[in-house]
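Data first, discussion second: the structure below is written as structure tokens.
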Amino acid sequence: MQLGLNSNEQLIINKIAQVSQKSESKVFVVGGFVRDKVLGRPCMDIDVVCLGDAISFAEEVSLQFKPQPKLSWFKNFGTAHFHLNGYDVEFVGARKESYQRDSRNPVVEPGTLQDDQERRDFTINALAFDPIDLLNGNDIQLLDPFNGVQDIQDKIIRTPLEPHKTFSDDPLRMMRAIRFASQLGFTIDSNTLLGIAETAERISIISQERITDEFNKILLSSKPSVGLDLLYKTGLLKLIFPALVELAGAEYIDGKGHKDNFYHTLQVLDNICANTNNLWLRWAALLHD
0 MQLGLNSNEQ LIINKIAQVS QKSESKVFVV GGFVRDKVLG RPCMDIDVVC LGDAISFAEE
60 VSLQFKPQPK LSWFKNFGTA HFHLNGYDVE FVGARKESYQ RDSRNPVVEP GTLQDDQERR
120 DFTINALAFD PIDLLNGNDI QLLDPFNGVQ DIQDKIIRTP LEPHKTFSDD PLRMMRAIRF
180 ASQLGFTIDS NTLLGIAETA ERISIISQER ITDEFNKILL SSKPSVGLDL LYKTGLLKLI
240 FPALVELAGA EYIDGKGHKD NFYHTLQVLD NICANTNNLW LRWAALLHD
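For the sequence shown, numbering that gives the first Met the number 0 assigns the number 0 to the initial residue and increments by one for each residue that follows.
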């Protein structure tokens, strides 16, 4: 498959491939970067999964560039990253995770590429390729165990594993599913959507900062009413923004029904989004009633 990489992306991925080939370390480009290349969207984050020590591998890759980019690492998590030509390049060891019921902090142990792909949130984010394909001038062979390319073509958001497990492990993924649907114009698979509704209460263990970040991304999508309506119908909105839910339902005065203020608010929000990308103006539209 041809992914339409630009010159900066080819440079970075070729350097990664050269270190992989020289050190005989198996690494894979994975996740959102691969998804966005298939979609033809720009992406400034390149995630690399290493079957081994990700920090040592990242150090070797950083040495291939002049000037050498500053490398940051987090030994507790086994990750490292650097910024180069506007790109954030992150390296992480392949791992598998298990979770306790009352925490989203996982117990982590080394794993295979398959383990790493299984722990991804959605099939469209579980795509990977070996950078050596690019270095050798071959077509990139996508590693796609959950038919993520087909889901991209069908515009479907679906979890790689059973939805309750995926969402219970990291409940923020429920909001991410809705955010991707709103951003990309995709539909959430019916079983995945049911999993969100049935697991919604788990959002309570997620910090307000992370919830707000996802909510803002939904507001910044081209038609945020799609995401907000999904938040409402799955029960998430009642848990994270109950005052907005209280707008729902037609108001009756002297026996006459008036507009449903919730859906009126979504229409006002969509209307202003046609004229501005300013987050705070979008918040003003959301809160105007």
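Glycine included, every Cβ here is placed at the ideal spot set by N, Cα and C.
Exercise. Quickly, what does DSSP pair G92 with across the bridge? List them, please.
Key: Counting from 1 along the sequence shown, the entry for residue 92 is found at position 93. Answer is C49.
Quiz item: Going by the beta-carbon positions, is the gap between R281 and L192 smaller than 8 Å?
Solution: Counted from its first residue, the sequence shown places residue 281 at position 282. Counted from its first residue, the sequence shown places residue 192 at position 193. No.
Quiz prompt | contact_flag[the stretch 155-174, the stretch 128-143] where n(CB pairs < 8 Å) is 3 or more | solution = No, the stretch 155-174 does not touch the stretch 128-143.
Quiz item: Would you report the Cα separation of L50 and P130, rounded to the nearest angstrom?
Solution: As a working note, residue 50 is residue 51 in the sequence shown. As a working note, residue 130 is residue 131 in the sequence shown. For L50 and P130, the distance between alpha carbons rounds to 14 Å.
Exercise. Report all residues from its chain with a CB closer than 6 Å to the CB of P26; omit the five preceding and five following residues, and keep chain order.
Key: On the sequence shown, position 27 is the one that residue 26 refers to. Per the sequence presented here, residue 26 reads as Val, with Pro not at that position. Excluding positions up to five away in sequence, the list reads S19, V47 and C49.
Quiz item: CA-CA distance, D169 and Q182?
Solution: On the sequence shown, residue 169 is found 170 positions in, with the first residue counted as 1. On the sequence shown, residue 182 is found 183 positions in, with the first residue counted as 1. Taking the Cα positions, D169 is about 20 Å away from Q182.
Quiz item: Near D150, what residues of its chain come up, given a Cβ to Cβ distance below 7 Å and the 5 sequence neighbours on each side ignored?
Solution: Taking the first residue of the sequence shown as position 1, residue 150 is located at position 151. Once the five neighbours on either side are set aside, the close Cβ partners of D150 are T122, I123 and R157.
Quiz item: For the putative contact between K21 and F64, defined by C-beta atoms under 8 Å, what is the C-beta separation to the nearest angstrom?
Solution: Walking along the sequence shown from the start, residue 21 turns up at place 22. Walking along the sequence shown from the start, residue 64 turns up at place 65. Not confirmed; about 15 Å, so no contact.
Quiz item: When burial is assigned at 16 or more other CB atoms within 10 Å of the CB, is P223 buried or exposed?
Solution: Residue numbering aside, residue 223 sits at position 224 when the sequence shown is read from its first letter. Buried, by the Cβ-count rule.
Practice problem: Locate the alpha helix (DSSP H) running through H82, then write down its first and last residues. | Solution: On the sequence shown, residue 82 is found 83 positions in, with the first residue counted as 1. No alpha helix (DSSP H) holds H82; the beta strand (DSSP E) holding it covers T78 to L83.
Practice problem: Could you name the residues of the same chain whose beta carbon sits closer than 8 Å to that of F214, not counting the 5 residues immediately before and after it, in chain order? | Solution: As a first step, residue 214 is located in the sequence shown; it is residue number 215 there, counting from the start. M174, I239 and F240.
Quiz item: According to DSSP, is D87 helix, strand or coil?
Solution: As a first step, residue 87 must be located in the sequence shown, where it is residue number 88. DSSP places D87 in strand when its eight states are reduced to three.
Practice problem: Please classify D129: does DSSP put it in a helix, a strand, or coil? | Solution: Position 130 of the sequence shown, counted from the first residue, corresponds to residue 129. Note: D129 maps to coil in three-state DSSP.
Quiz item: Which class does L62 belong to by DSSP, given the choice of helix, strand or coil?
Solution: As a position in the sequence shown, residue 62 is number 63, starting the count at 1. When DSSP states are grouped into helix, strand and coil, L62 belongs to the coil group.
Self-check item: Completely contained alpha helix (DSSP H) runs for the stretch 129-180, where each covers 4 or more residues
Solution: Whole alpha helix (DSSP H) segments, 4+ residues: 131-134, 147-153 and 162-168.
Practice problem: Kindly indicate the opening and closing residues of the alpha helix (DSSP H) around F261. | Solution: Here residue 261 corresponds to residue number 262 of the sequence shown, with the count starting at 1. Looking at the DSSP string, the run of the alpha helix (DSSP H) that includes F261 is N260 to C272.
Quiz item: Is the CB-CB distance between F128 and V37 below 8 Å?
Solution: Here the question's residue 128 lines up with position 129 in the sequence shown. Here the question's residue 37 lines up with position 38 in the sequence shown. No.
Quiz item: Just reading off the beta strand (DSSP E) that L70 is part of, what are its end residues?
Solution: Along the sequence shown, one-based indexing puts residue 70 at 71. Element bounds for L70: L70 to F73.
Self-check item: Under the three-state DSSP convention, the category F32 falls into
Solution: To locate residue 32, count along the sequence shown from 1; it is residue 33. The three-state secondary structure of F32, taken from DSSP, is helix.
Quiz item: Going by other Cβ atoms of all chains shown within 10 Å of its Cβ, with 16 needed for buried, is H287 buried or exposed?
Solution: Sequence index remark: in the sequence shown, residue 287 carries index 288 (1-based). Looking at its Cβ environment, which holds fewer than 16 other Cβ atoms inside 10 Å, H287 is exposed.
Self-check item: Whole-number beta carbon distance between G30 and R172, since they are thought to touch under 8 Å
Solution: As a working note, residue 172 is residue 173 in the sequence shown. As a working note, residue 30 is residue 31 in the sequence shown. About 14 Å; that fails the 8 Å criterion.
Practice problem: For the alpha helix (DSSP H) containing F185, list its first residue and its last residue. | Solution: One-based indexing of the sequence shown puts residue 185 at position 186. Element bounds for F185: n/a, residue is neither H nor E.
Quiz item: Nearest CA to the CA of E59: which residue from S24, A196, V267 and M0?
Solution: Here residue 59 refers to the residue found at position 60 when the sequence shown is read from its first residue. Minimum Cα distance to E59 is reached at S24.
Quiz item: Cβ of V91 within 8 Å of Cβ of F81?
Solution: Here residue 91 corresponds to residue number 92 of the sequence shown, with the count starting at 1. Here residue 81 corresponds to residue number 82 of the sequence shown, with the count starting at 1. Their beta carbons are not under 8 Å apart, which means V91 does not touch F81 by this criterion.
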